[in-house]
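Chemist: Per this note's numbering, the sequence shown runs over residues 2 to 450.
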Amino acid sequence: MASDAILNSLADAVTQKPPFCTGTVPTTSRDSKLFYKQGSTTSWLDLSKATEPELEALSRACSSATFGRGNKDVLDESYRKAGKMDLDDFSIMLNVDDLGINNRICAQLLDAGEEDKVIRAEMYKLNVYGKGSFFKSHKDTPRGDSMFGSLVVVFPTPHSGGALVLRHFGQEWTFDSAALTREQGKPSIVYIAFYSDVDHEVTVVESGYRVTLTYNLFFETKGTAIKLPPWVLPVAPDDRILFNALSTALDDPEFLSTGGDLGFGMSFKYPMRTNISDKALRKIEGSLKGSDAVIYRVCRQLNLQPSLNAVYMADTYHVIVNAYKLPDLDGGNGREVINILCEDCDGHVIREVGEEPVSRDIWPVIEMAWVTPLTHYSNFGINYVAYGNDAPDACVYADLCIGVKIGPFGDRATIKEDSDCEDKEGDDDDDEDDDDDDEEEDDDDDDDD
Numbered sequence: 002m003a004s005d006a007i008l009n010s011l012a013d014a015v016t017q018k019p020p021f022c023t024g025t026v027p028t029t030s031r032d033s034k035l036f037y038k039q040g041s042t043t044s045w046l047d048l049s050k051a052t053e054p055e056l057e058a059l060s061r062a063c064s065s066a067t068f069g070r071g072n073k074d075v076l077d078e079s080y081r082k083a084g085k086m087d088l089d090d091f092s093i094m095l096n097v098d099d100l101g102i103n104n105r106i107c108a109q110l111l112d113a114g115e116e117d118k119v120i121r122a123e124m125y126k127l128n129v130y131g132k133g134s135f136f137k138s139h140k141d142t143p144r145g146d147s148m149f150g151s152l153v154v155v156f157p158t159p160h161s162g163g164a165l166v167l168r169h170f171g172q173e174w175t176f177d178s179a180a181l182t183r184e185q186g187k188p189s190i191v192y193i194a195f196y197s198d199v200d201h202e203v204t205v206v207e208s209g210y211r212v213t214l215t216y217n218l219f220f221e222t223k224g225t226a227i228k229l230p231p232w233v234l235p236v237a238p239d240d241r242i243l244f245n246a247l248s249t250a251l252d253d254p255e256f257l258s259t260g261g262d263l264g265f266g267m268s269f270k271y272p273m274r275t276n277i278s279d280k281a282l283r284k285i286e287g288s289l290k291g292s293d294a295v296i297y298r299v300c301r302q303l304n305l306q307p308s309l310n311a312v313y314m315a316d317t318y319h320v321i322v323n324a325y326k327l328p329d330l331d332g333g334n335g336r337e338v339i340n341i342l343c344e345d346c347d348g349h350v351i352r353e354v355g356e357e358p359v360s361r362d363i364w365p366v367i368e369m370a371w372v373t374p375l376t377h378y379s380n381f382g383i384n385y386v387a388y389g390n391d392a393p394d395a396c397v398y399a400d401l402c403i404g405v406k407i408g409p410f411g412d413r414a415t416i417k418e419d420s421d422c423e424d425k426e427g428d429d430d431d432d433e434d435d436d437d438d439d440e441e442e443d444d445d446d447d448d449d450d
């Protein structure tokens, strides 16, 4: 049996780090020169030294920013008040790749085991927040199953207020771009990159104009080692902490002596299509974030088979379903949810270690020991996004968990050599098609922060 002490030690070893990274980069007039359309005329300004009248003209040229409520884009200035410009209406020379921002994000937001990953920052919108503008708490809408984060670049235009506040798992961080730009000895842009499922809001701008470029961040399938200046240090959880704790647990003959299943509630949400393919799910497995990535990676290092799963509430039961077999609960034709999950999707009713046996024995049962708690239950078939920066398209955020098969004492490994070879071959095949999915995504959503 898995003792509480061992499970607690494993939970303590799941290290967390802030779900964002930030920094400043000196800017030049070339990088900050913005050209934009206003009706039939074209104007420009230098955002590194813009005047109040120039910024006021830019603000007037913007349209009102909408946001996603449910599955619709709405204009409601009691929830969001800001200006926006679409890509067709402006042009700017600033290139976050040339400035090294993408490499900094790779080093400081991603994890130690992901050095070979590269990211693509796709410019999305220009936003102008004038006096009295704000955006209440929301998550950024997923725009593809390889999207993992958002990047906001703030220009050194004079303003006060308009801080970006991030909240995740009971913690809160404040990014005060106005203060940061004032502290720099020369004109500099400030940036913040964060996982897009993190709740965030823009506080009220008290004076001036807060001008930002927003980007969607996507994983690329292959990359080369990144090069950073010596003062930019990688920030990542230490895999060894969980590796050592889990190794110790596996060496204990009283820990799941006959084998069993561990469950890890995940720290982040992931964009998924309601009818996900095997290839798309493997892409998500390779794009896990923060502590979720650490758990998945360490388990595989110890030859334990992890899997992504959804857990549903069905009557009074919790039912776990492998993410490869997610159901369409809208098409159940009146059948009970628990029957759809167990009969059509090979779902199992969860009995937590130490609990009484499940009262009904007509469904398969799995005994699980939760290391980190499951905080949300899945409900595919209803809309996930209550408030987002856009209405959702093909992807929605999914609440998932990691399940880990543990073998009996003396034969703990649940990954066998043959399955490793098959996985590798499947991954190689997938790489050829990864980029195709993203190209099919629409770019008609609205803006960010």
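C-beta: ideal position from N, C-alpha, C; glycine also.
Computed from a prediction, not measured in an experiment: that's the story for all the values here.
What are the start and end residues of the beta strand (DSSP E) that includes D262?
Modeler: That run of the beta strand (DSSP E) goes 261-266.
Chemist: Can you look up G291 in the DSSP assignment and give me helix, strand or coil?
Modeler: helix
Chemist: I'd like the span of the alpha helix (DSSP H) that includes F220, first residue to last.
Modeler: Element bounds for F220: not the alpha helix (DSSP H) but the beta strand (DSSP E), 211-221.
Chemist: Could you spell out the range, first to last residue, of the alpha helix (DSSP H) harbouring Q109?
Modeler: 102-109
Chemist: Expressed to the nearest angstrom, what Euclidean distance is found between the alpha-carbon atoms of S258 and V191?
Modeler: 53 Å
Chemist: Measuring only the C-alpha atoms, how far is Y388 from G260?
Modeler: Unreliable positioning characterises Y388 in this predicted model, as indicated by a pLDDT of 44, which lies under 50. The coordinate reading is nonetheless provided below. Rounded to the nearest angstrom, the two C-alpha atoms are 42 Å apart.
Chemist: Which of helix, strand or coil does DSSP assign to V166?
Modeler: strand
Chemist: Buried or exposed for Y64, please, with buried defined as at least 16 other CB atoms from any protein chain shown within 10 angstroms of its CB.
Modeler: Note that residue 64 is Ser in the sequence shown, not Tyr. Burial call: exposed.
Chemist: What is the residue span of the beta strand (DSSP E) that T43 lies within?
Modeler: 42-47
Chemist: Given N304, which residues of its chain have a CB within under 8 Å of its CB, disregarding the five upstream and five downstream residues?
Modeler: Here N304 has R413, A414, T415, I416 as same chain residues with Cβ atoms under 8 Å from its own Cβ, once five neighbours each way along the sequence are excluded.
Chemist: Going by the DSSP bridge assignment, what does Q39 pair with across the sheet?
Modeler: Q39 is bridged by DSSP to T42.
Chemist: Straight-line CA distance for F91 to R121?
Modeler: 20 Å
Chemist: Please identify the residue among K82, T142, D89 whose C-alpha is closest to the C-alpha of K73.
Modeler: T142
Chemist: From L401, D450, I341, F68, pick the residue whose C-alpha is nearest to that of K290; which is it?
Modeler: L401
Chemist: Would you tell me roughly how many angstroms separate the C-alpha atoms of P328 and T28, rounded to the nearest one?
Modeler: The alpha-carbon atoms of P328 and T28 are separated by roughly 50 Å.
Chemist: Nearest CA to the CA of K18: which residue from V26, R168, S138?
Modeler: R168
Chemist: If you drop the 5 nearest sequence neighbours on each side, which residues of the same chain put their C-beta closer than 6 Å to that of V322?
Modeler: A311, L342, C346, G348
Chemist: For P307, does the count of other Cβ atoms within 10 angstroms reach 16, so buried, or fall short, so exposed?
Modeler: buried
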